[in-house]
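Participant:
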């Protein structure tokens, strides 16, 4: 089965700086890579995703890059704000069913004012 | 608001109690899931229902019993739990099929077993 590793487990940045979270996956057949943000007391919410036929995707201050050859993908947050503080999870999907989603262990991002 | 509603938000129960967690989705999806989220661990998939039929049970102890009466509702019945079962239980839904099926999560039920 798929195995997803996520680094770092904790990340602190100054407000306005950029944050980068990296994930690697093991199964080259995985074709969909979502990122979830989980704020305290809430469930995970999808913030951006990328499919295997695309190398990069941007949505305002967040972007995701995918390197299929190296089997890793990264989340980039620019101009960080205190409200970006949360736990971020990456995931990889092997097929068209969300039951095959494999999650990383999460990164606690803290944006210091 | 993601369209997936879980109740209760918090639950404290003794080891001999019986309780149920409820999940409702208003998205018209055909699959629903229960996940367990413990501190410093990846999300663990517990059960999957697709078209109201249980299709996956990831070696979950029998003290957890899911029920899916229709495509919009999902329950998790709890009986004689252990303190190590204390965790955040998350419900999710998705539309099966296609490429890249997005999963929508509820807010979760914070369960404490005493």
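Chains as they are written, first to last, in our numbering: chain A, 1 to 113; chain B, 114 to 227.
Backbone N, C-alpha and C fix where the C-beta goes; we use that ideal spot for every residue, glycine too.
Model, not experiment: these values are computed from the prediction.
Between residue 91 (chain A) and the rest of its own chain, which residues show a CB-CB distance below 8 Å, the 5 nearest in sequence each way excluded?
Facilitator: Same-chain partners within the cutoff: 4, 33, 34, 35, 36, 101, 102, 103 and 104.
Participant: So which of A:70, A:30 and A:61 has the shortest CA-CA distance to residue 47 (chain A)?
Facilitator: Ranking A:70, A:30 and A:61 by Cα distance to residue 47 (chain A) puts A:61 first.
Participant: So which of B:126, B:129, B:134 and B:125 has the shortest CA-CA distance to residue 119 (chain B)?
Facilitator: Of the candidates B:126, B:129, B:134 and B:125, the one whose C-alpha sits nearest the C-alpha of residue 119 (chain B) is B:134.
Participant: Cβ of residue 73 (chain A) less than 8 Å from any chain B Cβ?
Facilitator: No, residue 73 (chain A) does not count as interfacial toward chain B.
Participant: What runs of the alpha helix (DSSP H), each 4 residues or longer, lie entirely inside the region 74-110 of chain A?
Facilitator: Here no run is fully enclosed.
Participant: For the beta strand (DSSP E) holding residue 113 (chain A), just list the boundary residues, first then last.
Facilitator: Unbroken run through residue 113 (chain A): none, as it is neither H nor E.
Participant: Going by DSSP in three states, residue 15 (chain A) sits in which element: helix, strand or coil?
Facilitator: In the structure shown, residue 15 (chain A) sits in coil (DSSP, three-state: anything other than H, G, I, E or B).
Participant: Mind checking the region 186-210 of chain B against chain A and listing, in chain order, the residues whose C-beta falls within less than 9 Å of any C-beta there?
Facilitator: Cβ contacts with chain A: 201, 203, 204, 205, 206, 207, 208, 209 and 210.
Participant: Pull the bridge partners of residue 186 (chain B) from the DSSP assignment, please.
Facilitator: B:137 and B:183, per the DSSP bridge assignment.
Participant: Consult DSSP for residue 215 (chain B) and reduce its assignment to one of helix, strand or coil.
Facilitator: Three-state result, residue 215 (chain B): coil.
Participant: Whose C-alpha, out of B:132, B:154, B:209 and B:197, is nearest the C-alpha of residue 188 (chain B)?
Facilitator: Answer by Cα proximity: B:132.
Participant: Closest Cβ-Cβ distance between residue 49 (chain A) and chain B: below 8 Å?
Facilitator: Chain B, which has a Cβ nearer than 8 Å to the Cβ of residue 49 (chain A), makes this yes.
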